[in-house]
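K.L.:
Below is the structure I would like to discuss, written out as structure tokens.
Chains as they are written, first to last, in my numbering: chain E, 72 to 575; chain R, 30 to 332.
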């Protein structure tokens, strides 16, 4: 039997029968569940918070209230859309209520939001949906408002600039709440619009006793900015001019891809197919780090027990090296497959219409013309990470040695992750294109950039470059492995390492 | 017949350090060679070169008449430490090495179980290596080296960690392998094993060969020694012909040690003792032990 295969098989069995492997299989889906459900649960359990507006300039309080109402309506429409597509027969619903269907299909659009608010909000839509709900559909729970604007109490309204902060402090820390509605024991925030706001350098003030009000601050800032702009525009146009009221408009920007299906399920499948490479890139990083570090520990253990000598008496160093790498690839693929199955089961358990969605997503994925390319990048990256960890393992006489070498290596390995934010925002930009040609990062970064459809020539060239880099890495690591795997001396210096890697 | 093992002018350097220097020796098929040397003598490096794990800088090594890389499947190797995966079961550990040595998987498992049965470890076939005693694990390791029925076996410190009973069992097993025509090279720090088992000896010190030959040839390197117990001091024996050196007993020890010159025997000593009227409690004349020869060789090389 081929020795490389035998070693790969042994490595595979060795890793998948470890207790740690099963734990890692379970931890990832658990992490996903926590990442999805904890924020929802926290959002559901967050208490409503009261705030007030002291509007000494006049006219701004209404603007702020309108902004908050609008934000709440947007969240409710989004939740209603999710609920409808998960719990109702939308095909039948569309035949009778095409307008409402269009609104629920695009809950992000400004037109849908206006339609939703003009139609009376949640109740009328729910009533229309009722005949089309699936038999076991749970009742819809509308997201509650996060902030409730209450009327400013008289002591706050009447406080002088010198005493305002002290009075505000009493309301914020709950020392004074008798003149609030009984359900409120304190105010979470107070917005002060000064008398000459918008005229000069006066700024609105946001007083808060806690840090959890960032979204409120953002909303209020946007609302105040819009209000100031509107006022400035109105000064240019007399109020009696025809069309002056039309100055209060907001642009309805619809994000649209003409290649996308108008069917929500198919659209979801396309999204899955689009983001598969990015998801694979991140999964790849997690899986590689997990398995490659086990590979490293395995080599150190083999060195300490001299099992490596037994292997070397049976097979050539490169057969051992490649066998180990193939074993890790197999473990990584099994890990990802197992995670995929677990996530599918979780989705089914969650009660969503997951099977049809996942089926269509899988068919979309299999129909992706770049699938071979995705596999090339994916395998190259696993091999590169594995080879680096094997090199470290072969140079280290102990785990302590390995950790000393791992530190600088990890700084290099995680560098692409630090650039991910910028690359996702501008996947075809100069930075993304240039760093994609740094040898050991190419597969990972190209996976991240695939959804932006880089030019075919760039894809072909980076794929060839990835394969060449991987082959070169394995060749160089083979030299290091062969030279170092039997030694118990201190790891070589970086210069000596490079000389060994290139054969001088 | 061709030698089963032949090293000619083998040298291995690691940077400025010469681990093995111009090593030449051979071993006939079916013989047992004791490969001796103090720590750092170059034994392990030599063994690794024999296994083609390392390549010599100069010189050549032939095993079973071929380059070592071409006869991997005909060579078995037992490393000093437990060269086994701790979480593997005993039969799987043995069979794994068998498959790496070219056996088919079912054959390797069948042979592994038979060997375990033969060695009284049949009940432990499905026990993980980490669950075995040190002696059992050592036996499993030995069986892994032998599973593919190799013609040549290299055993690095095979007796390490075994109790006296298991050491005797292992000696018997090694002799039985040799009786079946297998050639065996083993390294050890326990000279009694080498004395009992070896047809030939090679002693290495500081990377170089200090001795190669049979046990008898080794014993000829040092004079015989007489040990005498008597009711009085025996310093007068220094004047007897054929005596090279006299070592009085240490406090609490009864015997004088008398080192004889080459060719001398004990008769003159015995006559001199009786002439002096001393009453003897002990008298023997023996060749030097391998331990003494080994120490002498190492000291000579270190001078």
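The beta-carbon is built from N, C-alpha and C at its ideal position, and this holds for glycine as well.
So is residue 36/R in contact with chain C if we call contact Cβ pairs under 8 Å?
P.N.:
No chain C appears in this structure, whose protein chains are E and R.
K.L.:
Using beta carbons (cut-off 8 Å, strictly below), is residue 378/E in contact with chain R?
P.N.:
yes
K.L.:
Using only the alpha-carbon positions, how far apart do residue 254/R and residue 376/E sit?
P.N.:
42 Å
K.L.:
Just to check my reading of the structure: residue 236/R and residue 70/R have Cβ atoms closer than 8 Å, yes? What is that Cβ distance to the nearest angstrom?
P.N.:
7 Å
K.L.:
Can you list, in chain order, the residues of its chain with a C-beta nearer than 6 Å to that of residue 171/R? Leave out the 5 residues immediately preceding and following it.
P.N.:
107
K.L.:
Quick check on the burial criterion: 16 or more other C-beta atoms within 10 angstroms. Buried or exposed for residue 177/R?
P.N.:
Buried, by the Cβ-count rule.
K.L.:
Strictly under 8 Å for the Cβ-Cβ distance: is residue 18/R near chain E by that measure?
P.N.:
Summary: the structure shown does not reach residue 18/R, with chain R confined to residues 30 through 332, and so no result is reported for it.
K.L.:
Using DSSP with H/G/I as helix, E/B as strand and the rest coil, what is residue 73/E?
P.N.:
Three-state result, residue 73/E: coil.
K.L.:
Taking the continuous beta strand (DSSP E) assigned at residue 257/R, which residues delimit it?
P.N.:
254-259
K.L.:
To the nearest angstrom, how far is it from the Cα of residue 444/E to the Cα of residue 150/R?
P.N.:
52 Å
K.L.:
For the beta strand (DSSP E) that contains residue 285/R, what are its first and last residues?
P.N.:
285-289
K.L.:
My guess is that residue 76/E and residue 365/E are in contact by the Cβ rule of under 8 Å, so how many angstroms apart are they, rounded?
P.N.:
Your pair residue 76/E and residue 365/E does not check out as a contact, with CB atoms roughly 20 Å apart and the cut at 8 Å.
K.L.:
Any contact between the stretch 311-330 of chain R and the stretch 286-299 of chain R? By contact I mean 3 or more CB pairs, one from each, below 8 Å.
P.N.:
yes
K.L.:
For residue 513/E and residue 454/E, which I take to be in contact (beta-carbon distance under 8 Å), what is that distance rounded to the nearest angstrom?
P.N.:
About 12 Å separates the two Cβ atoms, so there is no contact after all.
K.L.:
I'd like the list of long-range same chain contacts for residue 410/E, defined as Cβ closer than 6 Å, with 5 residues on each side in sequence excluded.
P.N.:
99
K.L.:
Would residue 11/R pass as a contact of residue 157/R if the rule is Cβ separation under 8 Å?
P.N.:
Residue numbering for chain R in the displayed model covers 30 to 332; residue 11/R lies beyond these limits and cannot be assessed.
K.L.:
Determine, using beta carbons only, whether residue 40/R and residue 85/R come nearer to each other than 8 Å.
P.N.:
yes
K.L.:
Could you tell me which residues DSSP pairs with residue 380/E in its beta bridges?
P.N.:
DSSP output for residue 380/E lists no bridge partner at all.
K.L.:
Please decide whether residue 85/E counts as near chain R, where near means a Cβ-Cβ distance under 8 Å.
P.N.:
yes
K.L.:
Return the CA-CA distance between residue 521/E and residue 349/E, expressed in angstroms with no decimal places.
P.N.:
8 Å
K.L.:
At a CB distance below 7 Å, what residues from the stretch 380-396 of chain E approach chain R? Give them in sequence order.
P.N.:
380, 381, 383, 384, 385, 386
K.L.:
Roughly how many whole angstroms lie between the Cα atoms of residue 515/E and residue 502/E?
P.N.:
Straight-line spacing of the CA atoms in residue 515/E and residue 502/E works out to 15 Å.
K.L.:
Give the C-beta separation of residue 144/R and residue 182/R to the nearest angstrom, bearing in mind that I take them to be a contact with Cβ-Cβ under 8 Å.
P.N.:
With 8 Å as the limit, residue 144/R and residue 182/R do not qualify as a contact, their Cβ atoms being about 14 Å apart.
K.L.:
If I measure Cβ to Cβ from residue 380/E and keep anything under 8 Å in the same chain, skipping five residues before and after, which residues do I get?
P.N.:
557
K.L.:
Taking Cβ positions, are residue 232/E and residue 146/E nearer each other than 8 Å?
P.N.:
no
K.L.:
Across which residues does DSSP place residue 276/E in a beta bridge pair?
P.N.:
263/E
K.L.:
Spatial neighbours of residue 35/R within its chain, please: CB distance less than 6 Å, with the 5 preceding and 5 following residues excluded, ordered by chain position.
P.N.:
55, 91
K.L.:
Looking at residue 103/E and the ligand FAD, is the gap between the Cβ and the nearest heavy atom below 7 Å?
P.N.:
In the structure shown, the ligand FAD is absent, as is every other ligand, since no ligand is present at all.
K.L.:
CA-CA distance, residue 331/E and residue 178/E?
P.N.:
Confidence is the limiting factor: at residue 331/E the pLDDT is only 48, short of 50, which leaves the residue's position unreliable, though a coordinate-based value still follows. Cα-Cα distance, rounded: 17 Å.
K.L.:
When the cut-off is 8 Å and only beta carbons count, does residue 126/R lie next to chain E?
P.N.:
By this cut-off, residue 126/R is an interface position.
K.L.:
Is DSSP giving residue 456/E helix, strand or coil here?
P.N.:
Helix.
K.L.:
One question on the structure: do residue 200/E and residue 144/E come within less than 8 Å of each other, judged by their Cβ atoms?
P.N.:
no
K.L.:
Three-state secondary structure (DSSP) at residue 89/R?
P.N.:
strand
K.L.:
If we call anything under 8 Å between Cβ atoms a contact, is residue 390/E one with residue 74/E?
P.N.:
yes
K.L.:
Keeping to the same chain, check which residues put their C-beta closer than 8 Å to that of residue 103/E; ignore five residues upstream and five downstream.
P.N.:
414, 417
K.L.:
Can you name the residues that DSSP bridges to residue 86/E?
P.N.:
Note: residue 86/E sits in no beta bridge, so no partner.
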